[in-house]
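Student: For the sequence shown, counting from 1, position 209 maps to 208 in numbering that gives the first Met the number 0; every step adds exactly one.
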Amino acid sequence: MSMNTVGRPTRPEGAAGPAGFASLTGGRGLLQDEPLIFELGGWDKTGVDLPEPEADASDLAGLVREDLPLPGLSEPEAVRHYVRLSQKNHAIDLALYPLGSCTMKHNPRLNEKAARLAGFADLHPLQPASTIQGALALMDRLAHWLKTLTGMPAVALSPKAGAHGELCGLLCIKAAHEAAGQGHRRKVLVPTSAHGTNPATAAFVGYAVTEIAQTDDGRVDLADLEAKLGPDVAAIMVTNPNTCGLFERDVLEIARLTHAAGAYFYCDGANFNAIVGRVRPGDLGVDAMHINLHKTFSTPHGGGGPGAGPVVLSEALAPFAPAPWVLSAADGFQLLEEPTGDAAQAFGRLCAFHGQMGMFVRAYAYMLSHGSDGLRQVAEDAVLNANYVKARLSDVMSPAFPDGPCMHEALFDDAWLEGTGVTTLDVAKAMIDEGFHPMTMYFPLVVHGAMLIEPTETESKAELDRFCETLRALAAAARQGQAERFKGAPFLAPLRRLDETLAARRPKLAWRPEPATVAPAPSAAE
Ligand SMILES: *Cc1c(COP(=O)(O)O)cnc(C)c1O
Numbered sequence: 000m001s002m003n004t005v006g007r008p009t010r011p012e013g014a015a016g017p018a019g020f021a022s023l024t025g026g027r028g029l030l031q032d033e034p035l036i037f038e039l040g041g042w043d044k045t046g047v048d049l050p051e052p053e054a055d056a057s058d059l060a061g062l063v064r065e066d067l068p069l070p071g072l073s074e075p076e077a078v079r080h081y082v083r084l085s086q087k088n089h090a091i092d093l094a095l096y097p098l099g100s101c102t103m104k105h106n107p108r109l110n111e112k113a114a115r116l117a118g119f120a121d122l123h124p125l126q127p128a129s130t131i132q133g134a135l136a137l138m139d140r141l142a143h144w145l146k147t148l149t150g151m152p153a154v155a156l157s158p159k160a161g162a163h164g165e166l167c168g169l170l171c172i173k174a175a176h177e178a179a180g181q182g183h184r185r186k187v188l189v190p191t192s193a194h195g196t197n198p199a200t201a202a203f204v205g206y207a208v209t210e211i212a213q214t215d216d217g218r219v220d221l222a223d224l225e226a227k228l229g230p231d232v233a234a235i236m237v238t239n240p241n242t243c244g245l246f247e248r249d250v251l252e253i254a255r256l257t258h259a260a261g262a263y264f265y266c267d268g269a270n271f272n273a274i275v276g277r278v279r280p281g282d283l284g285v286d287a288m289h290i291n292l293h294k295t296f297s298t299p300h301g302g303g304g305p306g307a308g309p310v311v312l313s314e315a316l317a318p319f320a321p322a323p324w325v326l327s328a329a330d331g332f333q334l335l336e337e338p339t340g341d342a343a344q345a346f347g348r349l350c351a352f353h354g355q356m357g358m359f360v361r362a363y364a365y366m367l368s369h370g371s372d373g374l375r376q377v378a379e380d381a382v383l384n385a386n387y388v389k390a391r392l393s394d395v396m397s398p399a400f401p402d403g404p405c406m407h408e409a410l411f412d413d414a415w416l417e418g419t420g421v422t423t424l425d426v427a428k429a430m431i432d433e434g435f436h437p438m439t440m441y442f443p444l445v446v447h448g449a450m451l452i453e454p455t456e457t458e459s460k461a462e463l464d465r466f467c468e469t470l471r472a473l474a475a476a477a478r479q480g481q482a483e484r485f486k487g488a489p490f491l492a493p494l495r496r497l498d499e500t501l502a503a504r505r506p507k508l509a510w511r512p513e514p515a516t517v518a519p520a521p522s523a524a525e
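1) For Ala212, tell me which candidate among Ala94, Trp510, Leu221 has the shortest Cα-Cα distance.
2) Would you mind stating whether Phe400 and Gly133 have Cβ atoms separated by less than 7 Å?
3) Per DSSP, His289 is paired with what?
4) Can you tell me whether Thr238 sits near ligand 1, meaning its C-beta is under 6 Å from at least one heavy atom of the ligand?
5) Helix, strand or coil: which one does DSSP assign to Pro198?
6) Under a Cβ-count criterion, where at least 16 other Cβ atoms within 10 Å of its own Cβ denotes burial, should Pro52 be classed as buried or exposed?
7) Among all the DSSP beta bridges, which residues are the ones paired with Pro489?
8) Residues in its own chain within less than 7 Å of Asp282 by CB, not counting five upstream and five downstream?
9) So does the stretch 259-279 actually touch the stretch 334-348, counting three or more Cβ pairs closer than 8 Å?
10) Is the closest heavy atom of ligand 1 to the C-beta of Asn291 under 6 Å?
11) Helix, strand or coil, according to DSSP, for Ala14 in the structure here?
12) Hey, would you say Ala234 sits closer than 7 Å to Ala254, going by beta carbons?
13) For Ser393, which residues from the same chain have a beta carbon less than 6 Å from its beta carbon, with the 5 sequence-adjacent residues on both sides left out?
14) Roughly how many angstroms lie between the CA atoms of Asn384 and Pro454, to the nearest whole one?
15) Any heavy atom of ligand 1 closer than 6 Å to the beta-carbon of His436?
16) Which residue's Cα is closest to the Cα of Val445: Leu410, Ala477, Glu456, Thr102?
17) Would you mind giving the Cβ-Cβ distance between Asn197 and Met236, rounded to the nearest angstrom? I have them listed as a contact below 8 Å.
18) Where do the N-terminal and C-terminal ends of the alpha helix (DSSP H) with Lys146 fall, by residue?
19) Alpha carbon to alpha carbon, how far is Phe352 from Ala193? Give it in angstroms, no decimals.
20) Provide the residue(s) that pair with Trp415 in DSSP beta bridges, ordered along the chain.
21) If His289 sits next to Gly205, beta carbons under 8 Å apart, how far is it from one beta carbon to the other, in whole angstroms?
22) Taking Ala136 as the reference, give the member of Val395, Val82, Trp415, Val325 with the closest Cα.
23) Out of curiosity, what's the CA-to-CA distance linking Met440 and Lys104?
24) Looking only at its own chain, which residues have a Cβ that is under 7 Å from the Cβ of Ser327, when we skip the five neighbours before and after it?
25) At a cut-off of 6 Å, is Asp267 close to ligand 1 when judged by its beta-carbon and the heavy atoms of the ligand?
26) Beta carbon of Ser100: closer than 6 Å to some heavy atom of ligand 1?
27) Hey, how far is the Cα of Glu468 from the Cα of Glu65?
28) Do you know how far the Cα of His293 is from the Cα of His300?
29) So, do the stretch 305-314 and the stretch 161-173 have three or more beta carbon pairs nearer to each other than 8 Å?
30) Quick check on DSSP: helix, strand or coil for Thr102?
31) Take the Cβ of Pro548 as the centre, count every other Cβ of all protein chains shown within 10 Å, and call the residue buried at 16 or more, exposed below.
32) Comparing alpha-carbon positions, which option in Asn272, Asp267, Leu251 lies nearest Arg375?
33) Could you give the DSSP three-state label for Leu30: helix, strand or coil?
34) What is the DSSP secondary structure of Ile274, counted as helix, strand or coil?
35) Can you tell me whether DSSP reads Ser397 as helix, strand or coil?
36) I believe Ala307 touches Arg348 by the beta-carbon criterion, under 8 Å. Please report the beta-carbon distance rounded to the nearest angstrom.
As structure tokens, then:
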């Protein structure tokens with residue numbers, strides 16, 4: 000195995016090809032071997048032409064850093080480095096990305112075009128409001144449609160992810176309880192199937208977390224909820240449709256019981272894609288809900304760009320929303336930045352500026368290009384596609400909740416793998432060899448060996464068929480005793496199986512120079 004200077008393997012052991020074949024370069028055909036950028040560049044190279052700094056020109060005196068081992072690369076070296084890295088990973092632009100609960104839908108290029116307009120892309124957050132009227136108008140329209148689609152009277156745009164939105168929602172709830180003399184409410188109820196961010200957010204805000212049990216058909220156990228609601232409960236956090244891909248049929252009763260106990264209903268809106276244009280969470284009694292623009296509204300995830308998690312709020316929570324927000328006045332749009340006047344009860348600010356402008360533009364372009372009928376069809380097609388996958392795989396895999404249709408994602412357990420020696424993890428790894436991103440594995444925790452498949456509405460029937468045929472063939476291979484094909488997978492990925500626990504628990508986040516590999520930095524005095 001080839002290693003780089005920090006001991007990271009740079010290419011797969013035993014890659015496919017004739018037995019014992021290894022290329023001279025370490026690459027595999029068009030997939031190039033690629034070292035770390037620090038191993039590529041050195042002090043002796045640069046992609047830019049800068050004048051020599053004058054000695055003693057710095058005002059920083061003794062604070063000047065003398066040794067800054069940044070890699071210097073020419074432009075073609077830098078471009079190739081990042082293109083090669085991009086080819087080592089999966090992307091929604093490459094193939095189906097059925098990661099359940101993540102809504103990995105196509106990112107329309109029209110959104111990208113709009114977001115690159117200079118009037119949006121080149122803004123500075125400290126520009127005077129009079130110079131950014133168009134951007135503020137866009138934020139105002141986006142807020143309008145988020146409120147309209149959810150049937151909620153207020154929205155905080157600044158949260159930068161779903162989890163950040165949860166924090167925003169719970170801080171509003173906490174502020175509302177404190178304002179009403181209910182600050183002694185210290186408990187948040189969360190169903191067992193919840194995404195890990197829900198209990199983590201509640202704990203971060205200082206609440207104690209209590210689990211609500213689940214019924215055999217994958218929904219909130221109403222009796223258990225009722226038993227646990229009381230004068231010490233601040234809020235419940237319920238995902239709807241839930242992480243089993245099922246609509247909470249008793250959601251009106253859940254809201255009624257919660258409000259009767261003096262608590263607020265936080266809805267995790269990550270799965271809004273299943274119901275957008277069809278159901279308004281405000282009509283269900285929800286008090287706060289984040290909307291992942293990078294899920295339902297098609298903005299890029301993760302490496303594709305920052306997220307955005309606006310939070311819609313009920314009448315009761317709206318006064319506590321964080322600054323800033325856009326105000327529409329007779330003489331144009333303004334940003335309300337200080338917690339005074341209308342915002343006197345705001346719990347504060349969530350971030351330095353105003354949220355992710357680039358994501359606002361993309362999400363708004365997505366809304367306008369779909370229209371209200373198009374958004375409704377998004378939800379309908381997302382649910383249809385998931386049910387198609389469920390129907391096509393149910394005879395070879397074991398659906399966790401076989402009765403009735405699912406919403407936008409199909410959940411399987413690992414009962415179908417019993418006796419094969421193959422695990423959920425092995426199936427996921429085998430899918431990588433077939434060119435698919437794995438489905439979500441082992442989540443939700445309440446389903447044994449869970450495999451959560453969310454195809455989204457942007458896949459064609461042909462692509463869904465290709466995916467289902469692949470999984471059917473893998474299921475047949477597992478049943479025929481071909482465990483090796485699974486246990487060793489992935490065989491064809493840039494890296495083989497990693498120690499994922501170690502990578503999560505002790506990630507190497509910083510590159511430390513090996514003395515021999517880096518030329519000494521020229522000191523400022525030279
Ligand atoms: C994605 C997701 C979250 C967290 O959202 P981020 O934008 O990743 O922070 C929370 N809950 C559920 C159910 C999710 O699917």
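In this text, a Cβ means the ideal position worked out from N, Cα and C, and glycines have one as well.
Tutor: Taking the geometry as given:
1) Walking along the sequence shown from the start, residue 212 turns up at place 213. Of the listed residues, the one whose Cα sits closest to Ala212 is Leu221.
2) As a first step, residue 400 must be located in the sequence shown, where it is residue number 401. As a first step, residue 133 must be located in the sequence shown, where it is residue number 134. Not closer than 7 Å, so no.
3) Within the sequence shown, numbered from 1, the residue matching residue 289 stands at position 290. According to DSSP, which records beta bridges pairwise, His289 is partnered with Asp267, Val310.
4) Against the sequence shown, residue 238 aligns to sequence position 239. Yes, ligand 1 has a heavy atom inside 6 Å of this Cβ.
5) As a first step, residue 198 must be located in the sequence shown, where it is residue number 199. Three-state result, Pro198: helix.
6) In the sequence shown, the residue the question calls residue 52 occupies position 53. Result: exposed.
7) Within the sequence shown, residue 489 is the residue found at index 490, counting from 1. DSSP lists no partner for Pro489.
8) Walking along the sequence shown from the start, residue 282 turns up at place 283. So the qualifying residues of the chain are Gly150.
9) no
10) The sequence position of residue 291 within the sequence shown is 292, counting from 1. Answer for Asn291: yes, Cβ within range of ligand 1.
11) By one-based count along the sequence shown, residue 14 stands at place 15. Since pLDDT at Ala14 reaches only 48, below the 50 mark, its modelled position is unreliable, and the value read off the structure follows with that caveat. Three-state DSSP puts Ala14 in coil, outside helix and strand.
12) Residue mapping note: residue 234 aligns to position 235 of the sequence shown, counting from 1. Residue mapping note: residue 254 aligns to position 255 of the sequence shown, counting from 1. No; because the gap between Cβ atoms is not below 7 Å, this pair is not in contact.
13) Position 394 of the sequence shown, counting from 1, holds the residue named residue 393. Cβ neighbours of Ser393 beyond the five flanking positions: none.
14) Within the sequence shown, residue 384 is the residue found at index 385, counting from 1. Within the sequence shown, residue 454 is the residue found at index 455, counting from 1. Cα to Cα, the separation comes out at about 7 Å.
15) Here residue 436 refers to the residue found at position 437 when the sequence shown is read from its first residue. No, ligand 1 has no heavy atom inside 6 Å of this Cβ.
16) As a position in the sequence shown, residue 445 is number 446, starting the count at 1. Comparing Cα positions, the closest option is Leu410.
17) Numbered from 1 along the sequence shown, position 198 holds the residue referred to as residue 197. Numbered from 1 along the sequence shown, position 237 holds the residue referred to as residue 236. With a Cβ gap of about 4 Å, Asn197 and Met236 count as contacting.
18) Stepping through the sequence shown from its first residue, residue 146 is reached at position 147. From DSSP, the alpha helix (DSSP H) with Lys146 extends over 132-149.
19) On the sequence shown, position 194 is the one that residue 193 refers to. On the sequence shown, position 353 is the one that residue 352 refers to. Their Cα atoms are separated by approximately 30 Å.
20) Residue mapping note: residue 415 aligns to position 416 of the sequence shown, counting from 1. Beta-bridge pairing links Trp415 to no other residue.
21) Position 290 of the sequence shown, counted from the start, is the residue given in the question as residue 289. Position 206 of the sequence shown, counted from the start, is the residue given in the question as residue 205. With 8 Å as the limit, His289 and Gly205 do not qualify as a contact, their Cβ atoms being about 19 Å apart.
22) Counted from its first residue, the sequence shown places residue 136 at position 137. Nearest C-alpha to Ala136: Val325.
23) Residue numbering aside, residue 440 sits at position 441 when the sequence shown is read from its first letter. Residue numbering aside, residue 104 sits at position 105 when the sequence shown is read from its first letter. Looking at the two C-alpha atoms, the distance is approximately 19 Å.
24) Walking along the sequence shown from the start, residue 327 turns up at place 328. Same-chain partners within the cutoff: Asp139.
25) Position 268 of the sequence shown holds residue 267. Yes, Cβ of Asp267 sits closer than 6 Å to a heavy atom of ligand 1.
26) In the sequence shown, counting from the first residue as 1, residue 100 sits at position 101. Indeed, a heavy atom of ligand 1 lies less than 6 Å from the Cβ.
27) Position 469 of the sequence shown, counted from the first residue, corresponds to residue 468. Position 66 of the sequence shown, counted from the first residue, corresponds to residue 65. So the two alpha carbons sit approximately 59 Å from each other.
28) Within the sequence shown, numbered from 1, the residue matching residue 300 stands at position 301. Within the sequence shown, numbered from 1, the residue matching residue 293 stands at position 294. His300 and His293: Cα-Cα distance of roughly 6 Å.
29) yes
30) Reading the sequence shown from its first residue, position 103 is the one you call residue 102. Thr102: coil per DSSP, three-state reduction.
31) With the chain running from 0 to 525 in the structure shown, residue 548 is simply not present.
32) In the sequence shown, the residue the question calls residue 375 occupies position 376. The residue with the shortest Cα to Cα distance from Arg375 is Asn272.
33) Sequence index remark: in the sequence shown, residue 30 carries index 31 (1-based). It is a strand residue.
34) Numbered from its first residue, the sequence shown carries residue 274 at position 275. Here Ile274 sits in coil by DSSP.
35) Numbered from its first residue, the sequence shown carries residue 397 at position 398. Strand at Ser397.
36) Against the sequence shown, residue 307 aligns to sequence position 308. Against the sequence shown, residue 348 aligns to sequence position 349. So it is not a contact: roughly 16 Å between Cβ atoms.
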